[in-house]
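Enquirer:
In the working numbering, the protein residues as written are 843 to 1055.
Here is the structure:
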């Protein structure tokens, strides 16, 4: 039986958050690249401009993160249902999704995950989003706040050992985030062309991969 596509819609606040978050993160990547490789990367007028933009956009991303967390954890109470893989998903779902993306997809086999209003994300997506949103992003925000010196940062820096270690952790964590973002974009191109899937997010409709099978 076909599912109503609108039943898998993303809420309007989350769609707005998603696109704002994308713009902010892309800006952070570009400004961060110029800060880290200032001799070779010249996207913005000068080094100081890149730092100021990086710091300000970092504040916006922090606010968008807390908006996302507040919406799912407080307003709807669906954080666990949407983003936390269940025991059965960890035991069997992850293996099935890895097998699909690395082997079965290239043989034309269907995705084992069926999109429903209750299960918008497959186990692998849940795990990646959980790692990004509740793992890497908090680390990036804490290290970023310390480096920006919004508050006297020395006690925070002492926890990490030195400012060089803190800068290295911020950079390496940012590289991990970039790698996962690239993976995220790549996965949007599977099971169809990229543009319809991206447009489906804008139009409040999650792509229905196997829902009619």
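Positions of the beta carbon are idealized from the N, C-alpha and C atoms, including for glycine. Since this is a predicted model, take the numbers as computed values, not measurements.
Are residue 979 and residue 907 closer than 9 Å when you measure CB to CB?
Expert: Closer than 9 Å, so yes.
Enquirer: Measuring CB atoms only, is the segment 980-987 touching the segment 1012-1020, in the sense that at least three cross pairs come out at less than 8 Å?
Expert: Judged by Cβ distances under 8 Å, the segment 980-987 makes contact with the segment 1012-1020, as three or more pairs qualify.
Enquirer: Report buried or exposed for residue 882, applying the criterion of at least 16 other Cβ atoms within 10 angstroms of its Cβ.
Expert: When all chains shown are included, residue 882 counts as exposed.
Enquirer: So, helix, strand or coil for residue 986, using DSSP?
Expert: The answer is helix: DSSP assigns residue 986 an H, G or I state.
Enquirer: Rounded to the nearest angstrom, what separates residue 976 and residue 921 at their Cα positions?
Expert: Approximately 11 Å between the Cα atoms of the pair.
Enquirer: Between which two residues does the alpha helix (DSSP H) harbouring residue 924 extend?
Expert: It spans 921-925 - the alpha helix (DSSP H) in which residue 924 sits, taken as one unbroken run.
Enquirer: From which residue to which residue does the alpha helix (DSSP H) around residue 909 run?
Expert: 889-912 is the extent of the alpha helix (DSSP H) around residue 909.
Enquirer: Could you check what DSSP says for residue 937 in three-state terms: helix, strand or coil?
Expert: Reduced to three states, the DSSP call for residue 937 is helix.
Enquirer: Does the beta-carbon distance from residue 913 to residue 974 come in below 9 Å?
Expert: Against a cut-off of 9 Å, the Cβ pair of residue 974 and residue 913 comes out as no contact.
Enquirer: Would you report the Cα separation of residue 794 and residue 862, rounded to the nearest angstrom?
Expert: Since the first and last residues shown for the chain are 843 and 1055, residue 794 lies out of range.
Enquirer: Tell me whether the segment 884-891 and the segment 932-945 touch, counting them as touching only if at least three CB pairs, one residue from each stretch, are closer than 8 Å.
Expert: These segments do not touch.
Enquirer: Report yes if the CB atom of residue 853 is closer than 9 Å to the CB atom of residue 904, and no otherwise.
Expert: Not a contact, by the Cβ cut-off of 9 Å.
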